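In the UniProt record's numbering, the protein residues as written are 1 to 262.
Every residue gets a Cβ at the ideal spot worked out from N, C-alpha and C, and that includes glycine.
Because the structure is a prediction, the values reported are computed rather than measured.
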Amino acid sequence: MTIAQTYLDDVIAKMAWVRDTQAENIAAAGAICADTIAGDGLVFTFGTGHGGFAALESFPRTGGVTGFRPIVESSIALMHHVLGDQGTAQYRFLHTQEGYGKAILRSHQLKDGDALILFSHSGINPVILDMAVEFQERGLKVIGVTSVPHSSQVASRHSSGKRLFEIADVTIDTGIPLEDASQFIDGLEYPVGPTSTSVAVAVSHAINASTTADLVARGVEPMIMVNTNSNRTKEAHQQNDRNYAELWRRLRSREFSAPVVK
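Structure, rendered in C-alpha coordinates:
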(Lines of atoms letter the chains of each structure in order from A; the text may use other names.)
(Lines give C-alpha, C1' and ligand atoms only; values in the text may rest on other atoms or scores of the structure.)
Protein backbone atom coordinates (compact mmCIF):
# COMPACT_ATOMS: atom_id res chain seq x y z
CA MET A 1 0.00 0.00 0.00
CA THR A 2 1.33 3.45 -0.87
CA ILE A 3 1.65 6.31 1.58
CA ALA A 4 -1.06 8.12 -0.39
CA GLN A 5 -3.42 5.20 0.24
CA THR A 6 -2.64 5.01 3.95
CA TYR A 7 -3.10 8.78 4.21
CA LEU A 8 -6.50 8.66 2.52
CA ASP A 9 -7.50 5.70 4.70
CA ASP A 10 -6.57 7.77 7.74
CA VAL A 11 -8.65 10.75 6.60
CA ILE A 12 -11.60 8.44 5.94
CA ALA A 13 -11.20 6.89 9.40
CA LYS A 14 -11.15 10.31 11.04
CA MET A 15 -14.28 11.38 9.19
CA ALA A 16 -15.96 8.13 10.19
CA TRP A 17 -15.06 8.86 13.82
CA VAL A 18 -16.71 12.28 13.55
CA ARG A 19 -19.76 10.69 11.93
CA ASP A 20 -20.07 8.10 14.70
CA THR A 21 -19.35 10.32 17.72
CA GLN A 22 -20.37 13.87 16.78
CA ALA A 23 -23.74 13.38 15.06
CA GLU A 24 -25.70 14.84 17.99
CA ASN A 25 -23.42 17.86 18.20
CA ILE A 26 -23.67 18.48 14.45
CA ALA A 27 -27.46 18.24 14.71
CA ALA A 28 -27.41 20.70 17.63
CA ALA A 29 -25.26 23.07 15.58
CA GLY A 30 -27.66 22.73 12.66
CA ALA A 31 -30.59 23.59 14.93
CA ILE A 32 -28.85 26.75 16.15
CA CYS A 33 -28.11 27.79 12.57
CA ALA A 34 -31.68 27.03 11.49
CA ASP A 35 -33.00 29.16 14.36
CA THR A 36 -30.79 32.01 13.18
CA ILE A 37 -31.63 31.76 9.49
CA ALA A 38 -35.37 31.28 10.09
CA GLY A 39 -35.23 34.33 12.37
CA ASP A 40 -33.77 36.51 9.60
CA GLY A 41 -30.31 36.47 11.16
CA LEU A 42 -26.87 35.51 9.90
CA VAL A 43 -24.58 32.66 10.86
CA PHE A 44 -21.06 34.11 10.77
CA THR A 45 -18.18 31.71 10.13
CA PHE A 46 -14.53 32.36 10.84
CA GLY A 47 -11.16 30.69 11.08
CA THR A 48 -7.55 31.76 10.89
CA GLY A 49 -4.97 30.13 8.65
CA HIS A 50 -6.20 26.84 7.24
CA GLY A 51 -9.26 27.01 9.50
CA GLY A 52 -10.41 29.81 7.26
CA PHE A 53 -10.91 27.35 4.39
CA ALA A 54 -13.71 25.59 6.28
CA ALA A 55 -15.31 28.95 7.07
CA LEU A 56 -15.17 29.99 3.40
CA GLU A 57 -16.88 26.76 2.33
CA SER A 58 -20.07 27.77 4.17
CA PHE A 59 -21.20 30.31 1.53
CA PRO A 60 -21.43 30.84 -1.38
CA ARG A 61 -21.03 27.16 -2.23
CA THR A 62 -22.97 24.73 -4.40
CA GLY A 63 -25.40 22.91 -2.13
CA GLY A 64 -25.11 25.51 0.61
CA VAL A 65 -27.99 27.43 2.15
CA THR A 66 -28.23 31.22 2.16
CA GLY A 67 -27.80 32.76 5.60
CA PHE A 68 -24.19 31.86 6.30
CA ARG A 69 -21.72 34.75 6.24
CA PRO A 70 -17.96 34.04 6.20
CA ILE A 71 -15.72 36.64 7.80
CA VAL A 72 -12.50 36.93 5.80
CA GLU A 73 -9.45 38.74 7.14
CA SER A 74 -6.80 38.33 4.46
CA SER A 75 -3.88 39.01 6.80
CA ILE A 76 -4.72 35.98 8.95
CA ALA A 77 -6.35 33.78 6.33
CA LEU A 78 -3.98 34.00 3.39
CA MET A 79 -0.27 33.72 4.14
CA HIS A 80 0.80 31.70 1.12
CA HIS A 81 3.23 34.29 -0.18
CA VAL A 82 5.24 33.34 2.95
CA LEU A 83 7.52 36.35 2.42
CA GLY A 84 6.52 39.92 1.61
CA ASP A 85 2.89 41.04 1.70
CA GLN A 86 0.54 38.70 3.57
CA GLY A 87 3.52 36.73 4.82
CA THR A 88 3.84 34.24 7.64
CA ALA A 89 5.59 36.77 9.89
CA GLN A 90 2.51 38.98 9.86
CA TYR A 91 0.22 36.00 10.36
CA ARG A 92 2.19 34.68 13.32
CA PHE A 93 1.97 38.07 14.99
CA LEU A 94 -1.62 39.05 14.21
CA HIS A 95 -3.49 35.87 15.09
CA THR A 96 -1.96 35.93 18.59
CA GLN A 97 -2.93 39.55 19.33
CA GLU A 98 -5.73 39.79 21.88
CA GLY A 99 -8.24 42.45 20.93
CA TYR A 100 -7.86 41.90 17.20
CA GLY A 101 -10.85 39.57 17.07
CA LYS A 102 -13.10 42.17 18.68
CA ALA A 103 -11.78 44.79 16.27
CA ILE A 104 -12.79 42.54 13.37
CA LEU A 105 -16.31 42.15 14.77
CA ARG A 106 -16.70 45.92 15.04
CA SER A 107 -16.70 45.99 11.24
CA HIS A 108 -19.68 43.62 11.12
CA GLN A 109 -23.18 44.59 12.16
CA LEU A 110 -24.23 41.91 14.63
CA LYS A 111 -27.78 41.65 15.89
CA ASP A 112 -29.81 39.55 18.30
CA GLY A 113 -30.26 36.01 17.06
CA ASP A 114 -27.04 35.82 15.08
CA ALA A 115 -24.70 32.87 15.59
CA LEU A 116 -21.01 32.16 15.03
CA ILE A 117 -19.13 29.07 13.90
CA LEU A 118 -15.42 29.13 14.72
CA PHE A 119 -13.01 26.70 13.08
CA SER A 120 -9.78 26.27 15.03
CA HIS A 121 -7.73 23.08 15.29
CA SER A 122 -5.97 24.16 18.49
CA GLY A 123 -8.68 26.44 19.88
CA ILE A 124 -6.18 28.44 21.92
CA ASN A 125 -5.32 31.61 20.01
CA PRO A 126 -6.55 35.09 20.98
CA VAL A 127 -8.30 36.16 17.76
CA ILE A 128 -10.56 33.10 17.81
CA LEU A 129 -11.22 33.41 21.53
CA ASP A 130 -11.86 37.16 21.28
CA MET A 131 -14.73 36.41 18.93
CA ALA A 132 -16.09 33.57 21.06
CA VAL A 133 -16.08 35.75 24.18
CA GLU A 134 -17.66 38.70 22.33
CA PHE A 135 -20.55 36.57 21.07
CA GLN A 136 -20.97 34.98 24.48
CA GLU A 137 -21.12 38.39 26.17
CA ARG A 138 -23.81 39.47 23.69
CA GLY A 139 -25.85 36.38 24.47
CA LEU A 140 -25.30 34.96 20.97
CA LYS A 141 -24.64 31.31 20.23
CA VAL A 142 -21.14 30.03 19.49
CA ILE A 143 -20.34 26.77 17.72
CA GLY A 144 -16.77 25.53 17.94
CA VAL A 145 -15.20 23.10 15.47
CA THR A 146 -11.96 22.11 17.13
CA SER A 147 -9.72 19.25 18.19
CA VAL A 148 -10.40 18.51 21.84
CA PRO A 149 -7.45 16.05 22.03
CA HIS A 150 -5.10 18.79 20.81
CA SER A 151 -6.64 21.64 22.77
CA SER A 152 -6.70 19.65 26.01
CA GLN A 153 -2.91 19.29 25.90
CA VAL A 154 -2.04 22.97 25.47
CA ALA A 155 -2.73 26.15 27.43
CA SER A 156 -4.95 28.97 26.23
CA ARG A 157 -3.15 32.09 24.97
CA HIS A 158 -6.13 34.29 25.86
CA SER A 159 -6.55 36.27 29.08
CA SER A 160 -9.78 34.37 29.81
CA GLY A 161 -7.66 31.27 30.30
CA LYS A 162 -10.21 29.32 28.27
CA ARG A 163 -9.99 27.31 25.09
CA LEU A 164 -12.64 27.23 22.39
CA PHE A 165 -14.23 23.99 23.56
CA GLU A 166 -14.64 25.54 27.02
CA ILE A 167 -16.55 28.56 25.67
CA ALA A 168 -18.65 27.25 22.77
CA ASP A 169 -22.32 26.45 23.31
CA VAL A 170 -21.83 23.47 21.01
CA THR A 171 -18.47 21.85 20.34
CA ILE A 172 -17.86 19.54 17.41
CA ASP A 173 -14.71 17.59 18.14
CA THR A 174 -12.67 16.69 15.06
CA GLY A 175 -10.65 14.23 17.14
CA ILE A 176 -7.46 15.15 15.29
CA PRO A 177 -4.34 14.44 17.38
CA LEU A 178 -1.86 17.10 18.41
CA GLU A 179 0.48 16.44 15.49
CA ASP A 180 -2.29 16.96 12.87
CA ALA A 181 -0.07 15.34 10.21
CA SER A 182 -0.66 11.60 10.20
CA GLN A 183 2.00 9.79 8.15
CA PHE A 184 5.42 8.91 9.50
CA ILE A 185 8.23 8.17 7.07
CA ASP A 186 11.35 6.31 8.18
CA GLY A 187 14.27 8.70 8.43
CA LEU A 188 12.10 11.80 8.88
CA GLU A 189 11.65 13.45 12.26
CA TYR A 190 8.29 15.03 11.48
CA PRO A 191 5.11 13.45 10.04
CA VAL A 192 3.46 14.49 6.77
CA GLY A 193 -0.13 14.45 5.52
CA PRO A 194 -2.23 16.93 7.54
CA THR A 195 -5.79 15.88 8.32
CA SER A 196 -7.46 18.74 10.19
CA THR A 197 -8.43 20.77 7.10
CA SER A 198 -10.19 17.89 5.32
CA VAL A 199 -12.19 17.00 8.41
CA ALA A 200 -13.07 20.62 9.24
CA VAL A 201 -14.34 21.25 5.70
CA ALA A 202 -16.46 18.08 5.88
CA VAL A 203 -17.90 19.24 9.20
CA SER A 204 -18.68 22.64 7.67
CA HIS A 205 -20.71 20.97 4.92
CA ALA A 206 -22.35 18.61 7.42
CA ILE A 207 -23.53 21.57 9.52
CA ASN A 208 -24.86 23.24 6.39
CA ALA A 209 -26.77 20.12 5.35
CA SER A 210 -28.15 19.64 8.86
CA THR A 211 -29.27 23.28 8.92
CA THR A 212 -31.07 22.88 5.61
CA ALA A 213 -32.86 19.70 6.70
CA ASP A 214 -33.92 21.43 9.93
CA LEU A 215 -35.34 24.40 8.00
CA VAL A 216 -37.33 22.10 5.71
CA ALA A 217 -38.70 20.20 8.73
CA ARG A 218 -39.96 23.52 10.11
CA GLY A 219 -41.69 24.42 6.88
CA VAL A 220 -39.14 27.11 6.01
CA GLU A 221 -38.03 27.03 2.38
CA PRO A 222 -34.22 27.25 2.26
CA MET A 223 -32.52 29.19 -0.51
CA ILE A 224 -29.92 26.83 -1.96
CA MET A 225 -26.87 27.63 -4.08
CA VAL A 226 -26.76 25.56 -7.27
CA ASN A 227 -24.01 24.54 -9.68
CA THR A 228 -23.75 26.85 -12.69
CA ASN A 229 -21.45 24.50 -14.61
CA SER A 230 -24.32 22.41 -15.90
CA ASN A 231 -26.83 22.20 -18.75
CA ARG A 232 -29.06 24.68 -16.91
CA THR A 233 -26.58 27.51 -16.51
CA LYS A 234 -29.08 30.34 -17.03
CA GLU A 235 -31.53 28.97 -14.46
CA ALA A 236 -28.67 28.31 -12.03
CA HIS A 237 -27.41 31.88 -12.30
CA GLN A 238 -30.93 33.18 -11.74
CA GLN A 239 -31.31 31.02 -8.63
CA ASN A 240 -27.96 32.10 -7.25
CA ASP A 241 -28.71 35.76 -7.96
CA ARG A 242 -31.85 35.39 -5.84
CA ASN A 243 -29.67 33.95 -3.09
CA TYR A 244 -27.26 36.88 -3.29
CA ALA A 245 -30.18 39.32 -3.21
CA GLU A 246 -31.47 37.61 -0.07
CA LEU A 247 -28.09 37.89 1.62
CA TRP A 248 -27.96 41.56 0.68
CA ARG A 249 -31.46 42.09 2.09
CA ARG A 250 -30.36 40.63 5.40
CA LEU A 251 -27.23 42.77 5.45
CA ARG A 252 -28.85 46.08 4.57
CA SER A 253 -31.59 45.60 7.17
CA ARG A 254 -28.96 45.94 9.88
CA GLU A 255 -28.29 49.15 11.70
CA PHE A 256 -24.92 50.45 10.58
CA SER A 257 -22.61 52.25 12.96
CA ALA A 258 -19.07 53.27 12.18
CA PRO A 259 -16.46 51.13 13.96
CA VAL A 260 -15.23 52.70 17.16
CA VAL A 261 -11.45 52.91 17.35
CA LYS A 262 -10.12 52.33 20.85
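Counting the other CB atoms within 10 Å of its CB gives Leu164 a total of 16 or more, which places it among the buried residues.
When secondary structure is reduced to three states using DSSP, Pro149 falls in the helix class. Uninterrupted beta strand (DSSP E) stretches at least 3 residues long and entirely within the segment 37-103 occur at 43-47, 68-70, given in chain order. Rounded to whole angstroms, the Cβ separation of Val170 and Ala29 is 5 Å, and the two are in contact under 8 Å. If you draw a straight line from the Cα of Arg252 to the Cα of Gln239, it comes to about 20 Å. When DSSP states are grouped into helix, strand and coil, Ser210 belongs to the helix group. Taking 8 Å as the cut-off, the Cβ atoms of Ala103 and Val142 do not count as close.
Of all alpha-carbon atoms in Thr66, Leu83, Gly64, Gln90, the one lying nearest the alpha-carbon of Ser75 is that of Gln90.
Using a Cβ distance threshold of 8 Å, Ala31 and Asp214 count as a contacting pair. Close CB contacts of His150 within its chain, under the 8 Å cut and outside five residues either way in sequence, are with His121, Ser122, Gly123, Ile176, Pro177, Leu178, Asp180 (chain order).
Within a 10 Å sphere around the beta-carbon of Ile3 sit fewer than 16 other beta-carbons, which makes this residue exposed.
In this structure, Thr195 sits near Lys14, with a CB-CB distance shorter than 8 Å. Looking at the DSSP output, Leu118 bridges to Phe46, Gly144.
When DSSP states are grouped into helix, strand and coil, Ser253 belongs to the coil group.
Counting along the chain, Gln183 sits inside no alpha helix (DSSP H); it lies in the beta strand (DSSP E) bounded by residues 181-183.
At a Cβ-Cβ threshold of 8 Å, Ala200 and Thr174 count as neighbours.
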